[in-house]
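The structure appears right after this line, and notes come after that.
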Amino acid sequence: KQDLTGVELEGKVLGVVGLGNIGSAVSHRAEFLGMKVLGHDPQLSTDELWRWGAEPVDLSDLYAQADFVSFHVPLTSETRGMLDGQALRCMKPGVRLVCTARGDIIDEQALLEALESGHVAGAALDVFSQEPPGSSPLVTHPNVIATPHIGAQTVEAQARAAEDIAMEVLVACGALTTVTPCAFAATRSILSTPTPARPTTFRQCPVSNTCAVTFVRPRTTRASYSEITVSKRSAEIPEWSSTWAAVLKI
Numbered sequence: 001k002q003d004l005t006g007v008e009l010e011g012k013v014l015g016v017v018g019l020g021n022i023g024s025a026v027s028h029r030a031e032f033l034g035m036k037v038l039g040h041d042p043q044l045s046t047d048e049l050w051r052w053g054a055e056p057v058d059l060s061d062l063y064a065q066a067d068f069v070s071f072h073v074p075l076t077s078e079t080r081g082m083l084d085g086q087a088l089r090c091m092k093p094g095v096r097l098v099c100t101a102r103g104d105i106i107d108e109q110a111l112l113e114a115l116e117s118g119h120v121a122g123a124a125l126d127v128f129s130q131e132p133p134g135s136s137p138l139v140t141h142p143n144v145i146a147t148p149h150i151g152a153q154t155v156e157a158q159a160r161a162a163e164d165i166a167m168e169v170l171v172a173c174g175a176l177t178t179v180t181p182c183a184f185a186a187t188r189s190i191l192s193t194p195t196p197a198r199p200t201t202f203r204q205c206p207v208s209n210t211c212a213v214t215f216v217r218p219r220t221t222r223a224s225y226s227e228i229t230v231s232k233r234s235a236e237i238p239e240w241s242s243t244w245a246a247v248l249k250i
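Heads up: the sequence shown is residues 1 to 250, going by the numbering used here.
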C-alpha cells in the first residue's frame, strides 16, 4: 500500500507546452481540477493563452515552476530533442512528465537517467522514438506509464473522423465549396450510426451519370451502409473516377 502512494492534482502547477487543439483542452480541464496552469506556445499570443486559462510564460520559467509538464507539440526541427538533459535539469525535483505528442521530442536516455536519479518522479508516455518500443529500460521502468498512442480509438472519435472524411470528399468533388455547419449537420444525419462509418467504395451510375460513395458501418447485422450521392454529373469533371479513387485512399 505504501508503494502506491500518489500525489493530488489540486493546488499543483501544470505546465502545458503547446496549446493547440489538445493542449488547450488539457489546460481548460486542468482548471477544473484546481490546478494553476502555465502555458508556452510561440505560435499564440498572450491573449490567446489567457483565453485558454493558461498564464503565458517562457519555457524556462514553465520548467522551473511546474509540478507536472505536459507536451503537445508537433515534431519539427525546433522541437526535436527539446526534452533533453538540459531541459530536465531546469525542472523542479520530483517533476512528473506527460508526453502524448511525438516520441522524437524526447531524449529517452536523458529521461531514463533523470528517472533513475529521482529528479523526475514519473513519466506517462504513449509515443517513443522507435515504435513499437519493445521492452526497453524506459518502457519497463517502474515510474513510467507506457501505453499505445490510441487516444482516438473510441467509437465517438472514429465517427467524427468518418464525418470529416465525408465532408472532405464532398468538397473535393465540388458538391460543396466549403464545409458549412449546415452541410456538416446534414452529413452527420446521413452517417448517424452507433458504430463508426468509413468510405469503402465508389460507384458511377451509367443512367443518371452521377457518382456515389458508400460508407459501410462495420459490425451491423441489418442495413450495413449509408450512401451519400453526389448529384454533380461526372462529365463536368475530367477523370472523375480517378479523382474519387485518390480521395478514398486517404
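Yeah, the Cβ is synthetic: ideal placement off N, Cα and C, and Gly gets one too. These numbers were taken from a predicted model, which means no experiment stands behind them.
Inter-stretch contact (C-beta, 8 Å, three-pair minimum) for the segment 56 to 68 and the segment 88 to 104: By the Cβ criterion, the segment 56 to 68 is in contact with the segment 88 to 104, since at least three pairs of Cβ atoms, one from each stretch, lie closer than 8 Å.
*In terms of DSSP beta bridges, what is residue 124 paired with?*
On the sequence shown, position 124 is the one that residue 124 refers to. Answer is 98, 145.
(request) Could you pull out every residue in the same chain whose Cβ sits closer than 6 Å to the Cβ of residue 9, ignoring the five residues on either side in sequence? (result) Within the sequence shown, residue 9 is the residue found at index 9, counting from 1. For residue 9, where only same-chain residues beyond five positions count, the Cβ hits under 6 Å are 33, 35.
Quiz item: Quick one: any contact between the segment 14 to 23 and the segment 68 to 83, if contact means 3 or more CB pairs under 8 Å?
Solution: yes
Within the chosen definition, does the segment 152 to 167 reach the segment 43 to 62 through at least 3 CB pairs nearer than 8 Å?
Too few Cβ pairs lie closer than 8 Å, so no.
How far does the beta strand (DSSP E) with residue 40 in it extend, from its first residue to its last? For the purposes of this step, residue 40 is taken as the residue at position 40 of the sequence shown. Run containing residue 40: 36 to 40, per the beta strand (DSSP E) assignment.
Exercise. Look at the Cβ atom of residue 140, then the Cβ atom of residue 105, and state whether they are nearer than 8 Å.
Key: In the sequence shown, the residue the question calls residue 140 occupies position 140. In the sequence shown, the residue the question calls residue 105 occupies position 105. Contact: no.
So is residue 6 buried or exposed if we call it buried at 16+ other beta carbons inside 10 Å? Here residue 6 corresponds to residue number 6 of the sequence shown, with the count starting at 1. The residue is exposed, with fewer than 16 neighbouring Cβ atoms inside 10 Å.
What is the DSSP secondary structure of residue 55, reduced to helix, strand or coil? Stepping through the sequence shown from its first residue, residue 55 is reached at position 55. Secondary structure of residue 55 (DSSP, three-state): strand.
Count the other C-beta atoms from every protein chain shown that fall within 10 angstroms of the C-beta of residue 228, then say buried if there are 16 or more, exposed otherwise.
-> Start at 1 with the first residue of the sequence shown, and residue 228 comes out as number 228. In this predicted model, residue 228 has a pLDDT of only 37, less than 50, meaning its place in the structure is not dependable; the value taken from the coordinates is given anyway. By the neighbour-count rule (16 or more Cβ atoms within 10 Å), residue 228 is buried.
query: Is the CB-CB distance between residue 88 and residue 110 below 8 Å?
result: For the purposes of this step, residue 88 is taken as residue 88 along the sequence shown, with counting starting at 1. For the purposes of this step, residue 110 is taken as residue 110 along the sequence shown, with counting starting at 1. Cβ atoms of residue 88 and residue 110: closer than 8 Å.
Below 7 Å CB to CB, which residues in the same chain sit around residue 147 once its five sequence neighbours on both sides are set aside? In the sequence shown, counting from the first residue as 1, residue 147 sits at position 147. 126, listed in sequence order.
For residue 145, is the classification buried or exposed, using 16 other Cβ atoms within 10 angstroms of its Cβ as the cut-off for buried? Residue numbering aside, residue 145 sits at position 145 when the sequence shown is read from its first letter. Per the 10 Å Cβ criterion, exposed.
Among the residues of its own chain, which have a CB less than 7 Å from the CB of residue 49, if the five just before and after it don't count? Counted from its first residue, the sequence shown places residue 49 at position 49. Cβ neighbours of residue 49 beyond the five flanking positions: 19, 39, 41, 56.
Handout entry: Unbroken stretches of the alpha helix (DSSP H), 4 residues or longer, contained in the segment 148 to 173
Key = 155 to 172
*asked:* Using C-beta distances below 7 Å, list every residue in its chain close to residue 31, excluding the 5 sequence neighbours before and after it, in chain order.
replied: Looking up residue 31 in the sequence shown gives position 31. So the list reads 37, 53, once near-sequence residues are dropped.
Does any residue of chain D have a CB that is nearer than 8 Å to the CB of residue 70? In the displayed structure, chain D is absent; only one protein chain is listed.
Pull up the DSSP beta-bridge partners for residue 71, would you. As a position in the sequence shown, residue 71 is number 71, starting the count at 1. DSSP lists 17, 99 as partners of residue 71.
Checklist line | Burial state of residue 114 (16 or more Cβ within 10 Å) | finding: Residue 114 sits at position 114 when you count from the first residue of the sequence shown. Classification for residue 114: buried.
Q. Leaving out the 5 sequence neighbours to the left and right, which residues in its chain are closer than 8 Å to residue 254 when beta-carbon positions are compared?
A. With the chain covering 1 to 250 only, the question about residue 254 has no answer from this structure.
> Going by Cα to Cα distance, which pick from 163, 143, 131 is closest to residue 150?
Replying inline: For the purposes of this step, residue 150 is taken as the residue at position 150 of the sequence shown. Checked all of 163, 143, 131; the closest Cα to residue 150 is 131.
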